[in-house]
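What follows is a single structure, written as structure tokens, with notes after it.
Numbering (our numbering), first residue to last: -3 to 172.
Next comes the structure, spelled out in structure tokens:
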């Protein structure tokens, strides 16, 4: 088991969908040479995500969440059950979604002991170009600060995979 915290930003080079990458870019600049945290940006990994999760003790995943109910830039922290129930609507904008990859990882027993899902809402309209919208950029800044605060306090989240596929011991929540 790897005892480092692994933070994975999932995305693509397209508009607001690049927010996972942007979180990783900003974190790596701020974390410097910190040895207890590994940051990784992945381009629509699909089932390849499993290779990055296997053998990890703790992992935080960051991805864009398309939402018609919440304004772009809102923070969401769905539990694994919520993500799996929402299916592709919450799974991001990638071929094999996050829900499917996590479901398979759970079935194979390859999920980290502690897994957190962190989403920032995007609108369906801004997935072109290379820049984040102002609202999503603000959401990214808030999430980066939230992560840095937690790392400074060394707070450990209690989200643990407890057996069956789709069970995660964390509560779900969201904030704007």
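All residues carry an ideal CB built from backbone N, CA and C; glycine is no exception.
This structure is a prediction, so every number in the text was calculated from the model and none was measured.
{"query": "Is it buried or exposed for residue 102, if we count other Cβ within 10 angstroms and need 16 for buried?", "result": "buried"}
{"query": "Can you check which of these residues, 97, 131, 57, 133, is closest to residue 110 by C-alpha distance?", "result": "57"}
{"query": "Can you tell me whether residue 15 sits near the ligand MN, meaning its C-beta is under 6 Å from at least one heavy atom of the ligand?", "result": "With respect to the ligand MN, the structure shown offers nothing to examine, as it has no ligands at all."}
{"query": "Nearest-angstrom Cα distance between residue 92 and residue 49?", "result": "16 Å"}
{"query": "Within a Cβ cutoff of 7 Å, which residues of the same chain sit near residue 106, ignoring the five residues on either side of it in sequence?", "result": "46, 49, 50"}
{"query": "Among the residues of its own chain, which have a CB less than 7 Å from the CB of residue 108, if the five just before and after it don't count?", "result": "49, 52, 53, 54, 55"}
{"query": "Would you mind giving the Cβ-Cβ distance between residue 17 and residue 5, rounded to the nearest angstrom? I have them listed as a contact below 8 Å.", "result": "5 Å"}
{"query": "What would DSSP say about residue 110, mapped onto helix, strand or coil?", "result": "strand"}
{"query": "Just grab the DSSP bridge partners of residue 17 for me.", "result": "Answer is none; residue 17 lacks a bridge partner."}
{"query": "Considering residue 58, what are the terminal residues of the beta strand (DSSP E) in which it resides?", "result": "52 to 62"}
{"query": "Give me the Cα-Cα distance between residue 69 and residue 116, rounded to the nearest whole angstrom.", "result": "6 Å"}
{"query": "For residue 7, which of helix, strand or coil comes out of DSSP?", "result": "strand"}
{"query": "Comparing alpha-carbon positions, which option in 25, 13, -2, 63 lies nearest residue 39?", "result": "13"}
{"query": "How is residue -2 classed by DSSP in three states: helix, strand or coil?", "result": "strand"}
{"query": "Quick one: Cα of residue 23 to Cα of residue 59, how far?", "result": "15 Å"}
{"query": "Under the rule that 16 or more other beta-carbon atoms within 10 Å means buried, what is residue 25, buried or exposed?", "result": "exposed"}
{"query": "Look at residue 132 and residue 15 and say whether their C-beta atoms are less than 7 Å apart.", "result": "yes"}
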